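Read left to right, the sequence shown gives residues 11 to 431 (the numbering used here).
Data first, discussion second: the structure below is written as structure tokens.
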Amino acid sequence: MTEKSTQKIIDELFRHFYRELLSEPHYAVFFESHDVDLIRQKQGQSFLELLELSDEDIHENGLKIGKVHINIGLPFEDLYAGYHKLQQLIPIYFNEHWLVDHQLFRRLSLQKMAAAEGYFQSYIQQMAHEIAITLEKRNLLLRRSYAELANQPLICLKEILTHLLDGNSPLPEMAYGACPLTEQLANHTCLDDDERTELEKLHSLQHIMSQNFLFFVKSKEYALAVFLLSRFYGMALDLSNRIGLAFQMSFIQELQKDPLTHFYLRHDMEALIDSALSLSIANKRNVAIVMLDLDDFKFINDSHGHLAGDHVLKEVSELFSQVVRESDKIFRYGGEEFLILLDGAGIDVASGIAERLRKLIENHPFDLGMHRTTKITASIGIAAYHPATMEKVPSARHFIDICDRMLLKAKHSGKNRIEYC
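This is the structure we're talking about:
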């Protein structure tokens with residue numbers, strides 16, 4: 011076969027190749043802004059030259075091909091699929107003896123592996139740059155204390171990429187148990203148990219993926235490394251976003267709480283009570299609210315000052331935590347007045363909680379500062395809704411008014427007591 015006839019066959023091969031390629035919509039869209047005839051001619055000439063190149067030159071040629079294709083934005087899977095299509099078409103145009111004599115498939119395989127390496131080299135540069143920009147933006151959006159924690163998965167990936175790029179920068183901690191983020195997720199108070207479990211699972215998977223990724227790079231399996239790197243980046247970004255969202259939500263919830271007692275403020279109280287009452291109908295669950303007011307609290311403020319009063323309120327809030335359930339919501343209703351929403355509690359449960367709380371307050375020596383203590387009592391009112399025995403569902407406002415009347419009754423009946431309806 012002469013060089014001229016070989017070039018003609020190669021030209022026919024690549025015409026066939028691009029007909030099939032452009033018959034697929036996403037390839038057609040990608041190449042619509044490119045001069046396909048010019049690309050086809052260049053690739054045909056490169057294919058012809060491949061037959062004469064040394065293995066070293068094939069490697070250099072493949073590196074350039076990989077870098078060119080990532081720079082024009084061709085996804086790696088499309089580059090590899092293109093090689094596969096070409097390998098399927100070649101036996102149609104060249105006989106077996108010619109292919110063996112010219113070692114075409116071996117040469118093409120060497121070029122494909124080098125193209126994967128070239129694509130990988132440019133890909134990690136692009137990704138390291140993209141992560142740096144992402145981290146900069148996230149630092150502006152997240153609170154500093156949260157950003158440091160939320161950005162750890164992305165920082166870990168960036169440190170791995172930097173190590174691969176310069177060969178000198180240290181790798182991050184690769185062992186899951188020794189990673190600082192592992193301990194931080196386990197101990198951070200802003201996460202609930204479900205959030206913590208999910209984040210720890212994702213973080214563990216990220217460590218497994220990082221080790222697999224580095225194994226493929228060390229083994230020079232660049233095609234597998236490119237495919238895994240896309241997933242690795244997606245997982246790191248997802249984990250960072252989830253951590254950031256969890257802490258942002260925690261911060262928002264803290265804004266809804268009283269800074270002294272850490273109880274909820276009253277602006278969302280009626281909506282939450284209305285929601286509990288509505289759910290009680292569907293689920294046939296009892297709902298109760300408990301309203302507590304500290305007796306003669308004004309005397310403490312007037313006699314010992316507001317700072318002493320704050321000491322008492324803070325200690326009262328700590329006593330609540332010994333009695334209420336995890337599902338209960340506590341609101342600071344007024345200066346020294348509190349409301350507890352007991353979802354799923356009837357009058358018996360509510361009365362038991364109220365009585366334990368009343369006794370705790372009555373028997374507790376409250377710190378006024380300056381080595382002074384005082385005693386104080388509380389009056390409590392309770393309102394309970396039982397869907398099985400009550401036809402009409404009260405509104406939150408009406409429910410609170412009933413409870414407030416019970417509290418006033420307790421006050422007028424001598425204080426330090428409980429009244430309920």
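Beta carbons: idealized from backbone N, C-alpha and C, even for Gly.
Treat the numbers as computed from the prediction; the structure is a model and nothing was measured.
Below 7 Å between beta carbons: does that hold for residue i and residue j?
i, j, result
"P397", "K294", "yes"
"D305", "T387", "yes"
"V297", "A360", "no"
"V333", "L367", "yes"
"L417", "L370", "no"
"R148", "I68", "no"
"L302", "I390", "yes"
"L174", "I143", "no"
"L164", "A246", "yes"
"L270", "D320", "yes"
"M219", "F242", "yes"
"P182", "C200", "no"
"A126", "Y232", "yes"
"A364", "I340", "no"
"I412", "C431", "yes"
"S15", "K77", "no"
"I253", "A185", "no"
"H112", "L73", "no"
"L209", "L195", "yes"
"A188", "E280", "no"
"A394", "G356", "yes"
"F57", "Y156", "no"
"I283", "L351", "yes"
"Q266", "L275", "yes"
"Y93", "K52", "no"
"A138", "L171", "yes"
"F432", "E346", "Because the chain here runs from 11 to 431, residue 432 falls outside it and cannot be looked at."
Tell me which residue opens and which closes the beta strand (DSSP E) that residue i is part of.
i, result
"I386", "It is not in any beta strand (DSSP E) - I386 carries neither H nor E in the DSSP assignment."
"F376", "376-379"
"F273", "Taken as a continuous stretch (DSSP letters only), F273 belongs to no beta strand (DSSP E), as it is neither H nor E."
"K425", "Run containing K425: none; DSSP gives neither H nor E here."
Looking at the unbroken alpha helix (DSSP H) that takes in residue i, where does it start and where does it end?
i, result
"Y103", "86-103"
"I82", "Taken as a continuous stretch (DSSP letters only), I82 belongs to no alpha helix (DSSP H), as it is neither H nor E."
"L454", "Beyond the ends of the chain as shown, which are 11 and 431, falls residue 454; an answer cannot be given."
"M219", "203-228"
"D45", "Careful: D45 lies outside any alpha helix (DSSP H) and carries neither H nor E."
"C166", "162-176"
"P397", "Here P397 belongs to no alpha helix (DSSP H), and DSSP marks it neither H nor E."
"P190", "190-197"
"E7", "Because residue 7 is not part of the residues shown, which for the chain are 11 to 431, the question remains open."
"G362", "357-373"
Leaving aside the five residues before and after residue i along the sequence, list all residues of the same chain whose C-beta is less than 8 Å from its C-beta, in chain order.
i, result
"V46", "Y28, L32"
"F226", "Y232, L234, A235, L238"
"L48", "none"
"K421", "D303, D305, S389"
"L145", "N161, L164, I165, K168"
"Q221", "M184"
"E30", "K95, L99"
"R63", "Looking at the sequence shown, residue 63 is not Arg but Leu. These residues qualify, in order along the chain: N71, R117."
Using a Cβ-Cβ distance under 7 Å, would residue i count as near chain D?
i, result
"C413", "The chain inventory of the structure shown lacks chain D, comprising one protein chain alone."
Within its chain, find whatever has a CB closer than 7 Å to the CB of residue i; leave out the 5 residues flanking it on each side and keep chain order.
i, result
"Y103", "I19, E22, L23"
"F348", "F273, L302, I340, F341, R342"
"K425", "D305, T387, S389"
"I141", "L164, L167, K168"
"H79", "L89, Y129"
"D65", "L120"
"G379", "L317, A318, H321"
"Q17", "L58"
"L323", "L270, T271, E346"
Please list, in chain order, all residues of the same chain as residue i whose beta carbon is under 6 Å from its beta carbon, the five residues on each side excluded.
i, result
"L212", "L249"
"R50", "F24, Y28"
"P314", "The sequence given here has His at residue 314, not Pro. Hits under 6 Å: L378."
Given 8 Å, three or more beta-carbon pairs between the segment 94-103 and the segment 197-208 = The segment 94-103 is not in contact with the segment 197-208.
Are three or more beta carbon pairs between the segment 400-420 and the segment 377-384 nearer than 8 Å?
-> As far as the Cβ criterion goes, the segment 400-420 does not touch the segment 377-384, which means the pair count is below three.
Mind pulling the beta strand (DSSP E) runs of 3 or more residues that sit fully within the segment 257-340?
-> Taking only runs of at least 3 residues, the beta strand (DSSP E) segments lying wholly in the segment 257-340 are 297-304.
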